[in-house]
Each structure stands twice: as C-alpha cells, then as structure tokens.
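Below is one structure; the comments refer to it alone.
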Amino acid sequence: MHLHTLPRSIKNILIYAISLLLTKGTSLIMLPIITNHFTPNQLGKLEILVTTSMFLCLLSGFAMHENLYRFVGCLKDPKYRFEKASEIYSTSLILSTSMAILIASFLFMFPHINRMLSKIEILLVCLVLCFETALSISTAWLRLQDKAFTLLIINTLSCLIQLAGIFLILRISPNITLFYMVGVASTFLQLALLQFINRFQWNFGKFEELKKLLSYSTPLMLSTMITFGLTGAEKWIIGYSISMESLGLYSISAKFSLAMCILVQPFCMWWIPKRFQVLSEKGKSYTIKITQCGLVYIVLSAIFVTYISQIFIQSALPKSYYDACYLVIGTIFISLLKEISNLINIGILNSKKTQWMLKIDLVCTSLGLYLCWIMSLHGVWGILLSIMLAQILRVSLVFYCSQLLEPLPYQYCALAAILLVTITCLWLNFTVKSFFPLTVILIFGIVTNLAISYYSAFFTSISIISIRNAFSKRLEVNDV
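So in this note's numbering, spot 429 of the sequence shown is number 423, and the numbers just go up one at a time.
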C-alpha cells in the first residue's frame, strides 16, 4: 500500500515516527562515534549539564503547552483558535524569559554551583530556558493542525545542522561545552523556523485569563518537576554519591530507554491530544480499545529495544561501556512504567483533577528519592531498584484514581498476562547475552503478547477505516 492511499491519521503517525527518529534518534546513531571520543567520565559531566537544563526548563515553562491541548484543541472557530494559541505562545515567552533571568542570577550567586558548571555553561542553560517552552507550543500547534510533514521538514533541517556542528566539534576539539553549545544553537534555529511557519502574533490576554491558564498548567508543571525526581534527579545522585564514570555508563543505558520512548511517541503524539475528544464522541469502549492497543505497542517496543540494546552495546561500543548492558534492563523497565502511566491517565485529566496528579507524584517521588539516597550504598542498581518501586506505586495510584473518576472497561486478565510476559523477557535479557538466545527471547515475547491480544479481542472494532472515521470531523485550521 502506498503512503498516499493511507488514511491521514495513519500517515501522520508514520511521519511523526520519522521525525522523532531524526531528532531524538540522532543521539543513538551517534553513540559509537561519541563513545570513541569521550570517556565515561566525560559523558557523566555532559549528563549532569543536560539534566540540569531539563529540570530548569520544567521550572521556567509552567507547562504552558498543556494549555494549548486543553483549551485550544477543543475550539471550533479557526480564527479564535489561532488568537488563543498566539496568546499562549506570547505569554510563555515572557514568563520563561523572566524565569531564565531570575535563575541565571541565582546560579551566579553561589560559588558551589560555579564549581560544577562554568559561567559559559550556566549562560547556555539559561538561554535554552528562554525559548524551550515556546518551542514546545510551536510543535504542538503543528500537531493540532495535523501538519506532520511540515514538522518533519523543520526537524530534518535542524538535525542536519546539529550533526554538521557535532562532526566539526569532534574533528577540531572534542569538548563537552562546545558539544552542548551545538545543541543550543540547533534548538534556537528550530524555533525560528517554526515561528516563520506558524506566524504567531504578539497577543496578551487579560490577567484573569492568565490566572486560568496557570491554574490548570502550574499543577501539571509541579507534577512534572516532582516526577523528574524519578526520571532525572537520580543522575545527580549517581554523579554525586557514586562516580561520574558510573553516571556515564548509566547515561548510555538511558539512551536506549529513550529509544523505546521514541518508538512509542508517534502513537502518543497522535492519540494523547485527541483522546478526550474521542471519549466524548465515540464513548468509553472505543477509547479503551485504542488505549489497550497502545499498551500492547508499548510493551512490544520495550521487548524489541531491550534486544537491540544488548546486541548494539556489545558490538558497536568500546569495552569500557559493556557494563551498560545490565543497566539498560532497569532503565527500559522504568521507562515502560512511565509510558504506561501516561497512557492510562485519562480519568484524572479529563476531570481536570490535576491537583490529584500533583499529590500522587509528590508521594511517589518523595519515596523514590528517599530510597535512592539510602540504596546508593549499593551502587547504581540500588538506585534503579528504588526508582522501579516508586514507578510501580505511581502506575498503581494513577490507575486507581483514573478509574475512580472515569471507569473504563479494561480487560484486566489479558493485560496482566501481557505484563507478566514482558517482565519475564526483560529478566531473561539480564541473564543471557548471546545472540541466538536473545533472538529466541525476542520472538517469544512478541508472538506471545500478540497472541494474547488477538484472542482477547483487543483489535476488534478497530480498523484503518474506523480510525479514519473517528477523526473525519477534525478541525480544519490549515488556512490560519
């Protein structure tokens, strides 16, 4: 079947997959080259820099892109949609730039931080804070309009420029700060291209409107910052309490958990912004069908990436990175739990109970960080086990609260069997490192999970035609 004959929704998923592979997959493709130019200790320093940047971006952004999904995506008048999107975009730039100035002033005040990060690195991090949220809003706006191909073109250009800069740095003077600087420059270029396409206007709403936006997104921002304790803060603990070399190995394993997220994201980018619309228009049964298909896709991605990671690390990376083969099992399982939690979180968000998510994340992250600090005596695996326990608790609480607010007819027995098969496959990958047994485990996991899904009728009532018809009345705003 040719691409032009596919329904638009399916084509968009495929285009999103290519776009993500180009943007986030670049770090995976470059791993053999980067690991031959940087030691695990140097990669640990780079991971500290990137992790700090990610955390501060969460702090300065107020999760303003979530307002676009919730309050703009459901509007029907194209002109009004564009005005509200421009308002959110303009507000985010002012807020994030103001926060960046405050954060920069704060960081320069403390000599201890200056010993960890140079002044140039602090300036680069704060520069990213100014436009990272605006970048998220710009890409979200294209997705809401189903302009997947436009997003692909922009990401491709940015990726090519970033790769050219990286090769130049590695050839002339391999340096962590310069390496990070290339990423900052390519991100700014991407925002400029998106603004040229979107043509957002400077439009500031009333103070009451700002309060409405922040009242919805700030709890989500705080929740994301709190969950960062389970998806990023552990790197600070590893670097501080264990070693930078261990953090470098952990960062390699985290790249493969990122690969799993890359495989999952095309589905999530297509489904998550539309799930509330589908719930109201198509009902609970149809919504749960797509959600369960998404869960199957997530576990299959986890099994596949675990297999690829074992082969790739042993065959393409220097021997000094081989210990990452074991750590990758833990990082992929953690990412698996996180993606499941995001997918099943329908009832809480649909009921606008974002404060519930804040409380759940506060409890789980507090427990996780406490366990990490205690278990750091047992090395990286002590920290990984701590995060796993906290993520399991988070999935359980999100599922319980979501079902309490919006009961959905999940097929519990089938889902439990699929999860058990997946955990078994991950554990076997930890104990086996030879090519043939790993291949057998891969085939077993994929075939068994698909068989359970098929005989449990996960895929009934879902076809290419039904998916297309679900969004046949999508909002047309391409003329804006």
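Glycine included, C-beta positions come from ideal geometry on N, C-alpha and C.
Note to self: Counting C-beta neighbours from all protein chains within 10 Å, is the total for D140 16 or more, i.e. buried, or is it exposed?
What the structure shows: Taking every protein chain shown into account, the CB of D140 has 16 or more other CB atoms within 10 angstroms, so this residue is buried.
Next item on the list: Please report the residue range of the alpha helix (DSSP H) in which H59 lies.
Entry: Where H59 is concerned, the enclosing alpha helix (DSSP H) stretches over M58 to N61.
Item checked: CA-to-CA distance, F173 to I42, given in whole angstroms -> Straight-line Cα distance between these residues: approximately 13 Å.
Next item on the list: Evaluate contact between the segment 336 to 355 and the segment 303 to 312, counting only Cβ atoms and requiring at least three cross-stretch pairs below 8 Å.
Entry: Between the segment 336 to 355 and the segment 303 to 312 there are fewer than three inter-stretch CB-CB distances shorter than 8 Å, so the stretches are not counted as touching.
Next item on the list: Starting from the C-beta of T225, find all residues in its chain whose C-beta is less than 7 Å away, skip the five residues before and the five after it, and write them out in chain order.
Entry: Close CB contacts of T225 within its chain, under the 7 Å cut and outside five residues either way in sequence, are with K332 (chain order).
Note to self: I'd like the ranges of any alpha helix (DSSP H) spanning at least 4 consecutive residues and lying wholly in the segment 245 to 290.
What the structure shows: Along the segment 245 to 290, the alpha helix (DSSP H) occurs as fully enclosed runs of 4 or more residues at 269 to 276, listed in sequence order.
Margin query: When you measure from the CB of E60 to every non-hydrogen atom of the ligand COA, does any distance come out below 8 Å?
Written below: Among the components modelled here there is no ligand, and therefore nothing to report on the ligand COA.
Margin query: Rounding to the nearest angstrom, what Cα-Cα distance links L402 and V299 in this structure?
Written below: For L402 and V299, the gap between their C-alpha atoms comes out near 30 Å.
Notebook entry, point to check: Would I297 pass as a contact of C395 if the rule is Cβ separation under 9 Å?
Noted result: The criterion of a C-beta distance shorter than 9 Å is not satisfied by I297 and C395.
Note to self: Tell me the rounded alpha-carbon separation between T133 and L371.
What the structure shows: The alpha-carbon separation between T133 and L371 amounts to approximately 42 Å.
Note to self: Tell me which residue opens and which closes the alpha helix (DSSP H) that K205 is part of.
What the structure shows: K205 -> alpha helix (DSSP H) spans F201 to T225.
Next item on the list: For M48, name the three-state secondary structure that DSSP assigns.
Entry: Three-state DSSP puts M48 in a helix.
Check: Helix, strand or coil: which one does DSSP assign to K141?
Finding: K141 falls in the coil class under three-state DSSP.
Item checked: Runs of alpha helix (DSSP H) wholly within the segment 135 to 197 (minimum 4 residues, chain order) -> Runs found: 142 to 166 and 170 to 192.
Check: Which of the three DSSP states, helix, strand or coil, is assigned to Y320?
Finding: Here Y320 sits in helix by DSSP.
Item checked: Collapsed DSSP secondary structure at I403 in the structure displayed -> One point to set straight first is that residue 403 is Pro, not Ile, in the sequence displayed. In the structure shown, P403 adopts coil according to DSSP, grouped into three states.
Next item on the list: Please confirm if the segment 248 to 266 is in contact with the segment 274 to 294, defined as three or more CB-CB distances below 8 Å between the two stretches.
Entry: Touching, yes, given that three or more Cβ pairs across the two stretches are closer than 8 Å.
Notebook entry, point to check: Could you give the C-beta distance for G242 and G38, rounded to a whole number, given that I count them as a contact under 8 Å?
Noted result: Contact between G242 and G38 holds: their C-beta atoms lie close to 4 Å from each other, under 8 Å.
Checklist line | From I95, I256 and S130, residue whose alpha carbon lies closest to that of I82 | finding: If we check each option's Cα against that of I82, S130 comes out closest.
Item checked: Cα-Cα separation between E126 and S211, rounded to whole angstroms -> Distance between the alpha carbons of E126 and S211 is about 16 Å.
Note to self: Taking 8 Å as the cut-off, does the segment 222 to 240 touch the segment 21 to 28 (at least 3 CB pairs, one atom from each stretch)?
What the structure shows: A contact is defined here as three or more CB-CB pairs under 8 Å, and the segment 21 to 28 fails this definition with respect to the segment 222 to 240.
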